[in-house]
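Asker:
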Amino acid sequence: MVDEERHPVDHLAEEFAARLRAGQQPTIDEYVRACPEHADLIRAVFASIELVERVSKKELDPRGSTAGLPESPAGAGMPTLLGDFEIIREIGRGGMGVVYEAVQHSLKRHVALKVISSLIAGSERQLRRFRREAESAAGLHHSNIVPVYGIGVDHGLQYYAMQLIDGVTLAAVIESLRSGCCGAELSCDATLVAAPLNIRSDAAVTLSPSGASVFVSESASTQFPSRQFCTDEAIQQLLGSTSWNEPDKPFAPDDAGKGTSSGNKKTHKDAAALSAESGHVTDAAESPQTIGDRSKRDRPVRKRPVWKGATVRESTPLNAVYFRNIARLMANVANALQYAHHQGILHRDIKPANLLLDRNSTIWVADFGLARKAELDGVTQTGEIVGTLRYMAPEQLHGKADARTDIYALGITLYELLTLEPALNAPQALSGQSQRQIARTPRSIRREIPADLETITLKACASEPARRYQAARDLETDLRRFLEDRPIYARRVGSIERLWRWSRRNPLIASLSAATMVLLIAIAALLGIGNLQKQKAIEAIRSEQLLTQKTLQEKTEALANVERERTRAETNLDLAVAAFEEVINNIASRGKAESLLDDLADDDNIIPSEDSVLSSADVVLLETLLGFFDRLAAGNNKDLSTQSAAARRRVADIQQQLGRLEDSERSYRTALAEYQSIAGKSSGDTSLILIQTDILQQLILIAGKRGELNRAMETFQTIRRLLTASPELRDSREGRFALATTINSMVSFGLRNGVEPRLRLRNSFLDRNNNPDDGGAPPIGPLQNARLRRESEMNAESLSLLRSLTEEVPGNVSYLALLAQAKKGEARLAQVTRDWQKADAAMNEAIGILKDLRDRHPTSARFKYELADTLSAAVSLRPADLQRLSESEQLCQELVEAWPDVPEYRSLYASTLARIAAIQFSTGRRDRAEQSLKDSLKQQQLLADQYPDVPVYQLALVRTLQQMAQVSVARNQPDAAQEYYDSAISRMEKLSSRSRVKGSIQPLLTRLRESRARLNAKTGNASENP
Amino acid sequence: MDPAEIMETAEESEKRVLLEGGKPALASLFLQYRDRLERIVCFRIDSRIRGRLDPADVLQEAYIEIAKRIDEFVTRSDVSFFVWARQRTVQTLIDMQRRQFRERRDINREVRFSADPDDQGTGTSLSIARFLIDQITSPSLAAVRAEETTWLQEALNSMNEIDREVLALRHFEQLTNQQVSEVLGLSPTAASNRYLRAAARLGEMLSRLNSQSTHDGR
């Protein structure tokens, strides 16, 4: 193609310049020959291009050109000797200068030589900084600090020499783990350039690279070891795949100089930081070779990572050994920092790229690059900002720094080592603003991270210096306490406390919520104490709440009049709402006990109510929150309409949880109307439509719970209209996913309300002839048939949506999980029509998907739980098949061992065991059945003792006790039966004495008493008539 | 293949990426051009404050500015992202330098030249001059090179403003013709012609110099 717009000579000129820039030596004559008709023009133009390019070449390539430094040892006219040092090769480069491997002739040793670039040397400040760096670092002698040998000036170049370390940077380790590409495919005989290509993410967010932290090896034979330590090996060490011999020396100043002895044959290479800092290697690799290659030169195809915030990345799974190793390494770094701080020296640039891990598992703090003597603070201009932005503490952005600044950076480093994710998102890190809050807690990213380690991390990188560890020593102490499994000193910080702190930082804004604050503190205290003490605390809160609400109302009204307070109030309310949401989530996660609820519903004796999963304390808490959100919503300030709608929606959620379905529905509809009016103002905002969809889904749930299937269907149609109204949303993944989600809840609620035959496993305890396949289900009538057909069609639609979604984004966890759900739905529908083959196939597919998810995310508890749940539920299809149940049992056991405090896991474990018992009974294996039932009983007892206030656990336990009693009677063990009844009755009495579910459990209590009385009578008779 | 055409589509995709990806996409896009922008900052920065103003700091600030105004680019700008980012970066540099000098001056003109001898701005001729002076003080520079450099400086100073700017953008900033045309608000054809004319004129001066020195040598 020919560019009509430009003179042909311009094309040639552009190419000519590009070739010059690439270091080639094109001649003017070759172009004249190629294009003789423009000979004169070419000669004139190209001659000036040659001159201008020659003149501009040297200085202007910011990091690309060597700017007066030796390009290579053989580089034209460049010094290969700097003082006593002979330069061998370049091993890294950064904003501050270039690092070479060199030989120190006088001492016959290999060293790393850091040479400051002349571009920067032009700056007096940079030079001072460089000298300071070398001076301060040379004074540090610590077994985890890279020793600095000396400083010098030659050929007008500043340089300093330091020990070569045969190690890899933790930045390389993180990147390699994150991309999950550690393993065989990462070649270990990595060449100098192979390693740096691994590092991408650091470059992606490091806008202000400082010195390259690169150090080359020193070896006895002045030759490189045959194979250098590589990232892959480091990772294996960290994951515990290879032996780990940690030279875990506590800080001892006498050690000084030990590492510097020339007899110490440390070796090293780490070109990793190289491209982290510059991306230079990639650039050099592509120089335009031929005519016509211009476009490539214009926009070098440089592989830069795209920052993906939300996408699921498959990273290498981390294990407990890894976390402990990281804790140990960071403890050593903290020790090194403590030592340096003690000498009055700050590092100022702690980051993974400055921490080197060597073959002996020793961690080295490199590049005290920006360090300076703390007492010389005055020398540096205020406002001078150094360091890599992403790891910089907020106060450092304002030119302030102390020991706690390094602690912050180490905290961020620790965060990234644990999560393999950046602590701050890219724009945040780059914005240089002080509002750099860590968005996600480490455990919300990886649940397997030990809680104590998370607490330590969050304390280390608190944005307020006063909230951090005050000395590196304290951080080290906590890390070591963690390693020794002793309690750490740091305390967890919930969002409530964060809110509290925030209010102290923002006293003006906080005035609005002074009242809220009182309430929050009370709730915080409540969450912190045991269940039993809660009762008393709750009473106090109640009276507090009345006061609070009054004040809150006054403040809100005052607020409405003051326009300038508006944005502040918004922030404030957002924060308050977030804090409350944490409280709610806390309760919600405790409240889920679906498997037990399902089982209980099978039992005619017990009718579980909506709120039977909540403890009394939870109920009061929720009521309190309800009051709060109600106020918030009622405030209904025009300017706060979004918050108000969100609050109203919250109210509805709480009401639903409390089982007040009518109130809840009303609240949802109000919230919906509010969102609709907001959406009306900003039409086309898909996120608002998705929120509405979400609310409508809740309405489907409520209709389902109330058995109003027609209303559910109407609501469903509304959702469908909403989601398909705009083609943009209809075709978007979010839109299709929302539709599939809605269909799934529709189908599952349809099933729950009468279509699905109840499988009365319970009966099998005493009735051996009961065939669970019949399920006691009523025959299917024509009405039900129509509904079934409709639900099957819907489910098929959902399946096809999800299939295309999973094809478009393979490996998306949410899509796959929902696909498994839909498959479960298909299985259940097939089961209703008694198409066992189809049901089996669908269920197997669901299990297959979940197993795959579990295998690919072996540390994820969520998939393990869902798999266990599905395996356990699948059993209702073929009760005789114990295989799946025992698989489920195995998984539950693992879950319960790993997370003993998560009630869902234990309750699933208990119900799985009970199902096993039921099947064993039905197949006549009574002894084993009894044992299984006893195991289940044990789990339920643990649950019931842990949550004495939660009715569902008590009810489930009582039911199992009742079953055990019946089994004992059948085995002619009246004494045991008696005990079981006594225990059941005493639990029920306790429950009824303080429970709000009194009404529904009274009949059960009566029945239990009758049973015991009958048993008494029988045994009484028996003893009277031997 | 027409490079301009390739660029066109690449630019469209940049805009789309920005629309879809938001700030994270912006950060990664900015990083793609960071080195080139740094080059431009290095070229345009006033050597007298180079000791106080780090190019990295300028880029930092420029990024914040760009992030703030990205909507402007996405909705209104008709130039490519690079050219727009360059404008914002140069503007940021001017602002920061002005703060350094504590002077109030008209800083709105993109193309500025040293008509005013006291001008401490970022005009091309001054940038070139400062830059060339730096060259001379560089220890590694040969005497011949110094002479050449001094000559180039004088030659450029004798040219008109637009010619000088075109040469600077093409060679010191290494912009493409398309980008030069966007920066100067010219059509690509006009920009290309302007460039060739300027380069040819400089080449003529150079050949006159050569023949002159040959003549002197005799």
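Line by line, the protein sequences give chains A and B.
Sequential numbering from 0 applies to the first sequence in numbering that gives the first Met the number 0.
Sequential numbering from 0 applies to the second sequence in numbering that gives the first Met the number 0.
Yeah, the Cβ is synthetic: ideal placement off N, Cα and C, and Gly gets one too.
Source: prediction; values computed, not measured.
Please classify N1015 of chain A: is it buried, with 16 or more other beta-carbons within 10 angstroms of its beta-carbon, or exposed?
Answerer: In the first sequence, the residue the question calls residue 1015 of chain A occupies position 1016. N1015 of chain A should be labelled exposed.
Asker: Taking buried to mean at least 16 other C-beta atoms within 10 Å of its own C-beta, is P950 of chain A buried or exposed?
Answerer: Numbered from its first residue, the first sequence carries residue 950 of chain A at position 951. Buried, because 16 or more other Cβ atoms sit within 10 Å of the Cβ of P950 of chain A.
Asker: If we count the other Cβ atoms within 10 Å of its Cβ and call it buried at 16 or more, is H104 of chain A buried or exposed?
Answerer: Residue mapping note: residue 104 of chain A aligns to position 105 of the first sequence, counting from 1. Exposed: under 16 other Cβ atoms inside 10 Å.
Asker: So is Q24 of chain A buried or exposed if we call it buried at 16+ other beta carbons inside 10 Å?
Answerer: Translated into the one-based positions of the first sequence, residue 24 of chain A becomes position 25. It is exposed - the Cβ of Q24 of chain A has fewer than 16 other Cβ atoms within 10 Å.
Asker: Please report how far the alpha carbon of S887 of chain A lies from the alpha carbon of D868 of chain A, in whole angstroms.
Answerer: The residue given as residue 887 of chain A occupies position 888 in the first sequence. The residue given as residue 868 of chain A occupies position 869 in the first sequence. Going from the Cα of S887 of chain A to the Cα of D868 of chain A covers about 7 Å.
Asker: Look at the Cβ atom of I444 of chain A, then the Cβ atom of E420 of chain A, and state whether they are nearer than 7 Å.
Answerer: Within the first sequence, the letter at position 445 stands for residue 444 of chain A. Within the first sequence, the letter at position 421 stands for residue 420 of chain A. Yes.
Asker: Per DSSP, what are the beta-bridge partners of T168 of chain A in this structure?
Answerer: Residue 168 of chain A sits at position 169 when you count from the first residue of the first sequence. In the DSSP output, where bridge partners are listed per residue, T168 of chain A has A:L355.
Asker: Pairs of beta-carbons, one from the segment 850 to 860 of chain A and one from the segment 801 to 809 of chain A, closer than 8 Å: are there three or more?
Answerer: Flag = no, the segment 850 to 860 of chain A and the segment 801 to 809 of chain A do not touch.
Asker: Is it buried or exposed for Q830 of chain A, if we count other Cβ within 10 angstroms and need 16 for buried?
Answerer: Position 831 of the first sequence, counted from the start, is the residue given in the question as residue 830 of chain A. Buried, by the Cβ-count rule.
Asker: Would you check if the segment 132 to 148 of chain A and the segment 333 to 342 of chain A touch, i.e. whether three or more CB-CB distances between them fall below 8 Å?
Answerer: The segment 333 to 342 of chain A vs the segment 132 to 148 of chain A: in contact.
Asker: Between E483 of chain A and N334 of chain A, which are expected to be in contact by the criterion C-beta below 8 Å, what is the C-beta distance as a whole number of angstroms?
Answerer: In the first sequence, counting from the first residue as 1, residue 483 of chain A sits at position 484. In the first sequence, counting from the first residue as 1, residue 334 of chain A sits at position 335. Incorrect: roughly 15 Å between the Cβ atoms, too far for contact.
Asker: So that I know if they touch, is there some Cβ in chain A lying closer than 7 Å to that of E153 of chain B?
Answerer: Translated into the one-based positions of the second sequence, residue 153 of chain B becomes position 154. Chain A contact via Cβ: absent.
Asker: What does D9 of chain A reach in chain B if we use C-beta pairs closer than 7 Å?
Answerer: The count along the first sequence starts at 1 and reaches residue 9 of chain A at position 10. Within 7 Å Cβ-Cβ: N176, S191, Y194, L195.
Asker: Mind checking whether R705 of chain A and A670 of chain A have CB atoms under 7 Å apart?
Answerer: In the first sequence, residue 705 of chain A corresponds to position 706, counting from 1. In the first sequence, residue 670 of chain A corresponds to position 671, counting from 1. Against a cut-off of 7 Å, the Cβ pair of A670 of chain A and R705 of chain A comes out as no contact.
Asker: Please name the residue or residues paired with V746 of chain A in a DSSP beta bridge.
Answerer: Position 747 of the first sequence, counted from the first residue, corresponds to residue 746 of chain A. Its beta-bridge partners do not exist; DSSP assigns none.
Asker: H104 of chain A by DSSP, collapsed to three states: which one?
Answerer: Residue 104 of chain A sits at position 105 when you count from the first residue of the first sequence. DSSP places H104 of chain A in coil when its eight states are reduced to three.
Asker: Establish whether the CB of L205 of chain B and some CB of chain A are separated by less than 7 Å.
Answerer: Here residue 205 of chain B refers to the residue found at position 206 when the second sequence is read from its first residue. L205 of chain B counts as touching chain A.
Asker: Determine whether the Cβ of F80 of chain B lies closer than 7 Å to any Cβ atom of chain A.
Answerer: Taking the second sequence and counting its residues from 1, one reaches residue 80 of chain B at position 81. Chain A, which has no Cβ nearer than 7 Å to the Cβ of F80 of chain B, makes this no.
Asker: Would you identify the three-state DSSP class for F84 of chain A, choosing helix, strand or coil?
Answerer: Start at 1 with the first residue of the first sequence, and residue 84 of chain A comes out as number 85. F84 of chain A falls in the strand class under three-state DSSP.
Asker: When we look at the beta-carbon of N176 of chain B and count the other beta-carbons within 10 Å, is it buried (16 or more) or exposed?
Answerer: Here residue 176 of chain B refers to the residue found at position 177 of the second sequence. So N176 of chain B counts as buried.
Asker: Please determine if the segment 692 to 710 of chain A and the segment 645 to 662 of chain A are in contact, where contact requires at least 3 C-beta pairs separated by less than 8 Å.
Answerer: Touching, yes, given that three or more Cβ pairs across the two stretches are closer than 8 Å.
Asker: Which term fits K458 of chain A, buried or exposed, when burial requires 16 or more other beta carbons within 10 angstroms of its beta carbon?
Answerer: Working through the first sequence from its first residue, we reach residue 458 of chain A at position 459. Its Cβ being crowded by 16 or more others within 10 Å, K458 of chain A is buried.
Asker: Taking only beta-carbon positions, decide if D376 of chain A is within less than 7 Å of chain B.
Answerer: If you number the first sequence from 1, residue 376 of chain A lands on position 377. Interpretation of D376 of chain A is limited by its pLDDT of 35, a score under 50 that renders its predicted location unreliable; the figure taken from the coordinates is listed afterwards. No, no contact with chain B.
Asker: Considering only their Cβ atoms, is the gap separating L163 of chain A from A111 of chain A smaller than 7 Å?
Answerer: Looking up residue 111 of chain A in the first sequence gives position 112. Looking up residue 163 of chain A in the first sequence gives position 164. For A111 of chain A and L163 of chain A, yes; Cβs fall inside 7 Å.
Asker: Looking at the secondary structure, which residues open and close the beta strand (DSSP E) in which I44 of chain B lies?
Answerer: Counting from one through the second sequence, the residue named residue 44 of chain B turns up at place 45. Per DSSP, I44 of chain B belongs to no beta strand (DSSP E) and is neither H nor E.
Asker: Locate the beta strand (DSSP E) running through W363 of chain A, then write down its first and last residues.
Answerer: As a working mapping, residue 363 of chain A is identified with position 364 in the first sequence. Per DSSP, W363 of chain A belongs to the beta strand (DSSP E) from 362 to 364.
Asker: If contacts are defined as beta-carbon pairs under 8 Å, then R97 of chain B and R68 of chain B qualify, I think. What distance do you get, rounded to the angstrom?
Answerer: Your numbering for residue 97 of chain B matches position 98 in the second sequence. Your numbering for residue 68 of chain B matches position 69 in the second sequence. About 19 Å; that fails the 8 Å criterion.
Asker: Going by CA-CA distance only, name the one from A:I406, A:T717, A:Y488, A:L413 that's closest to S462 of chain A.
Answerer: Counting from one through the first sequence, the residue named residue 462 of chain A turns up at place 463. Of A:I406, A:T717, A:Y488, A:L413, the residue nearest in Cα terms is A:I406.
Asker: Name, going along the chain, the residues of the segment 33 to 50 of chain A whose beta-carbon falls closer than 8 Å to a beta-carbon of chain B.
Answerer: Hits within the stretch, in order: L40, R42, A43, V44, F45, A46, S47, I48, L50.
Asker: F158 of chain B lies in the alpha helix (DSSP H); which residues open and close that run?
Answerer: Numbered from 1 along the second sequence, position 159 holds the residue referred to as residue 158 of chain B. Note on identity: in this sequence residue 158 of chain B is Met, with Phe being the wrong assignment. First-last for M158 of chain B: undefined, no H or E at that position.
Asker: What are the boundary residues of the alpha helix (DSSP H) that H340 of chain A is part of?
Answerer: In the first sequence, residue 340 of chain A corresponds to position 341, counting from 1. Counting along the chain, the alpha helix (DSSP H) containing H340 of chain A begins and ends at 319 to 341.
Asker: I need the straight-line Cα distance from A402 of chain A to A392 of chain A, nearest angstrom please.
Answerer: The residue given as residue 402 of chain A occupies position 403 in the first sequence. The residue given as residue 392 of chain A occupies position 393 in the first sequence. Going by the C-alpha atoms only, they are around 11 Å apart.
Asker: Taking the continuous alpha helix (DSSP H) assigned at E475 of chain A, which residues delimit it?
Answerer: Working through the first sequence from its first residue, we reach residue 475 of chain A at position 476. Note, E475 of chain A: alpha helix (DSSP H), 471 to 482.
Asker: Exposed or buried, what is G82 of chain A when buried is set at 16 or more other beta-carbons lying within 10 Å of its beta-carbon?
Answerer: Working through the first sequence from its first residue, we reach residue 82 of chain A at position 83. Result: buried.
Asker: Going by beta-carbon coordinates alone, are F481 of chain A and A326 of chain A separated by less than 7 Å?
Answerer: One-based indexing of the first sequence puts residue 481 of chain A at position 482. One-based indexing of the first sequence puts residue 326 of chain A at position 327. Closer than 7 Å, so yes.
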